[in-house]
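Chemist: Residue numbering for the sequence shown follows our numbering, starting at -4 and increasing by one per position.
Using N, Cα and C, we set each Cβ at its ideal position, and we do this for glycine too.
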Amino acid sequence: MNDPAGAVIGLDFDGTLSPIVPDPAAARIHPAAPEILARLSERVLCVVILTGRPPETVLSLGPGLAEVPGLVILGHYGFERWESGQLSAPPPPAGVPRAEAELPLLLRDLGLSGVVVEDKGRAVAVHTRRSPDPAKALETLRAPLRALAERNGLVVEPGRYVLELRPPGMDKGHALSLFLAERAARSAMFVGDDLGDLAAFEAVRVSGLPGVTVCSGSSEVSALAERADLVVDGPDGVITLLKELVSAVRR
């Protein structure tokens, strides 16, 4: 990295800084992540976590993150922002609670078991990882959830055994592009693991800046690895990469 003082390092949370687990509420950040992010933040322009989760949830699942100097968390794909202990966000969309209220009846009519509904405030996620056949349950849900989203002015964000209903108008690519411009970044790196991170990869590529895209690899998502400049072995590989980056910048 020739110009660390001008670099923005962007990272997803689930599957990147935190291992994927069957119960989203049981997720926890990699134990080495807060310390290495703190060291990295002292050497680059900014470290930003860009995630579909609310920032307050990320902070609760990532003890130590609030102490990372200059850290910014862009939650709900950029709709919410946490910085210097302050949270800013527009009013929540009315379509999300309406859609969530319809989900129990929809799941019952489809005869699906083991499907978990996660209330994310500005979005609602439907997880199939704990169902007897996660892939089949996911396919069964695609069309009904798309129709439910359309009725309530929402869009469907696909992921690793999850379909998320969220407001339109923002994605990780748009959020990252705005952030790079805001910080007058001179280079960028983004690390992600899921389909929602493809937009952030594209934002790095079209920014005109020197940039690197990194996939936190898994057997569940191949599309991201195919588009990445570098593939590492899950969250452990991400932490190893960040440690190497800190050492390289120090040198």
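How long is the line joining the alpha carbons of S13 and G106, rounded to whole angstroms?
Modeler: Approximately 31 Å, taken between the alpha carbons.
Chemist: Evaluate G80 with the Cβ neighbour count: other Cβ atoms within 10 Å of its Cβ, from every protein chain shown; 16 or more gives buried, anything less gives exposed.
Modeler: Exposed, because fewer than 16 other Cβ atoms sit within 10 Å of the Cβ of G80.
Chemist: In three-state DSSP terms, what is H71?
Modeler: Helix.
Chemist: Please classify F174: does DSSP put it in a helix, a strand, or coil?
Modeler: Reduced to three states, the DSSP call for F174 is helix.
Chemist: Determine the contact status of V241 and R34, defining contact as a CB-CB distance below 7 Å.
Modeler: Result yes, Cβ atoms of V241 and R34 sit closer than 7 Å.
Chemist: Considering only residues of the same chain and omitting the five flanking positions on each side of E275, which have a CB-CB separation below 7 Å?
Modeler: Outside the shown range of the chain, which is -4 to 246, sits residue 275, and nothing can be said about it.
Chemist: Should the region 128 to 136 be called in touch with the region 173 to 183, which here means at least 3 C-beta pairs below 8 Å?
Modeler: No, because fewer than three Cβ pairs between the region 128 to 136 and the region 173 to 183 fall closer than 8 Å, the two stretches do not touch.
Chemist: Which same chain residues end up closer than 8 Å to V209 when comparing Cβ atoms and leaving out the 5 residues on each side of it in sequence?
Modeler: Correct list, in chain order: M184, F185, V186, G187, A223, D224, L225, V226, V227, V233 and L236.
Chemist: Any idea if A96 is buried or exposed, counting beta-carbon neighbours within 10 angstroms, 16 or more meaning buried?
Modeler: Its Cβ having fewer than 16 others within 10 Å, A96 is exposed.
Chemist: Count the CB pairs spanning the region 68 to 85 and the region 20 to 40 that are closer than 8 Å, and state whether there are at least three.
Modeler: Because the criterion of three Cβ pairs below 8 Å is not met, the region 68 to 85 and the region 20 to 40 do not touch.
Chemist: Look up F8 in the DSSP assignment and say whether it is helix, strand or coil.
Modeler: Coil at F8, not helix or strand.
Chemist: Taking Cβ positions, are D166 and A120 nearer each other than 7 Å?
Modeler: Contact flag unset, no.
Chemist: I'd like the ranges of any alpha helix (DSSP H) spanning at least 4 consecutive residues and lying wholly in the region 34 to 92.
Modeler: With a minimum length of 4 residues, the continuous alpha helix (DSSP H) runs that stay inside the region 34 to 92 are 50 to 56.
Chemist: Where does G203 land, buried or exposed, given buried means 16+ other C-beta within 10 angstroms?
Modeler: Exposed, because fewer than 16 other Cβ atoms sit within 10 Å of the Cβ of G203.
Chemist: With distances taken between CB atoms, is the gap from S214 to G229 smaller than 7 Å?
Modeler: Not a contact, by the Cβ cut-off of 7 Å.
Chemist: Using a Cβ-based criterion (distance less than 6 Å to any ligand heavy atom), does N147 qualify as near the ligand GDP?
Modeler: Because no ligand of any kind appears in the structure shown, any question about the ligand GDP cannot be addressed here.
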